[in-house]
Amino acid sequence: MAHIYDVGVQTHVCSSPVNLAVSIHLEAAIPNFTIHEHHIGSTLPSCVEMGKYDYQPKNGYMEIPELPGIGQEVSEMALKTAHIETIK
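Residue numbers (my numbering): 60 to 147.
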């Protein structure tokens with residue numbers, strides 16, 4: 060809808076390596092993408108180590124993941140330390 064009205068889009072990227080990979084793909088696919096928000100949280104080791112791959116800007120640009128799916132997987136460390144509650 061934003062494209063129909065000539066409005067640019069910037070996705071909010073501030074939570075996880077999975078969100079980052081999805082956002083990069085979305086930004087690459089829409090014609091009205093304006094700028095990528097790369098939050099400082101995405102550079103913190105506690106965030107980066109939650110994914111298998113570390114997507115960071117290089118020379119001011121983001122590379123589009125070329126791996127299958129969204130190009131990111133949850134790391135073994137993230138799976139081992141996840142707090143999972145079951146609903147009974």
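Quick reminder that beta carbons are idealized off the backbone N, C-alpha and C, glycines included.
**Item:** Bounding residues of the alpha helix (DSSP H) (the contiguous stretch that carries residue 136)
**Value:** Here the question's residue 136 lines up with position 77 in the sequence shown. Segment 135 to 140, the alpha helix (DSSP H) holding residue 136.
**Request:** From the DSSP output, in three-state form, read off residue 100 for me.
**Result:** For the purposes of this step, residue 100 is identified with residue 41 of the sequence shown, where counting begins at 1. Three-state result, residue 100: helix.
**Request:** Compute the distance between the beta-carbons of residue 98 and residue 116, then report whether it is under 9 Å.
**Result:** Within the sequence shown, numbered from 1, the residue matching residue 98 stands at position 39. Within the sequence shown, numbered from 1, the residue matching residue 116 stands at position 57. Cβ atoms of residue 98 and residue 116: not closer than 9 Å.
**Request:** In angstroms with no decimal places, state the Cα-to-Cα distance between residue 72 and residue 78.
**Result:** In the sequence shown, counting from the first residue as 1, residue 72 sits at position 13. In the sequence shown, counting from the first residue as 1, residue 78 sits at position 19. Taking the straight line from one Cα to the other gives about 6 Å.
**Asked** Would residue 112 pass as a contact of residue 128 if the rule is Cβ separation under 9 Å?
**Response** In the sequence shown, counting from the first residue as 1, residue 112 sits at position 53. In the sequence shown, counting from the first residue as 1, residue 128 sits at position 69. Contact flag unset, no.
**Request:** Rounded to whole angstroms, what's the CA-CA distance from residue 85 to residue 66? Just pull it up for me.
**Result:** Position 26 of the sequence shown, counted from the start, is the residue given in the question as residue 85. Position 7 of the sequence shown, counted from the start, is the residue given in the question as residue 66. Cα to Cα, the separation comes out at about 16 Å.
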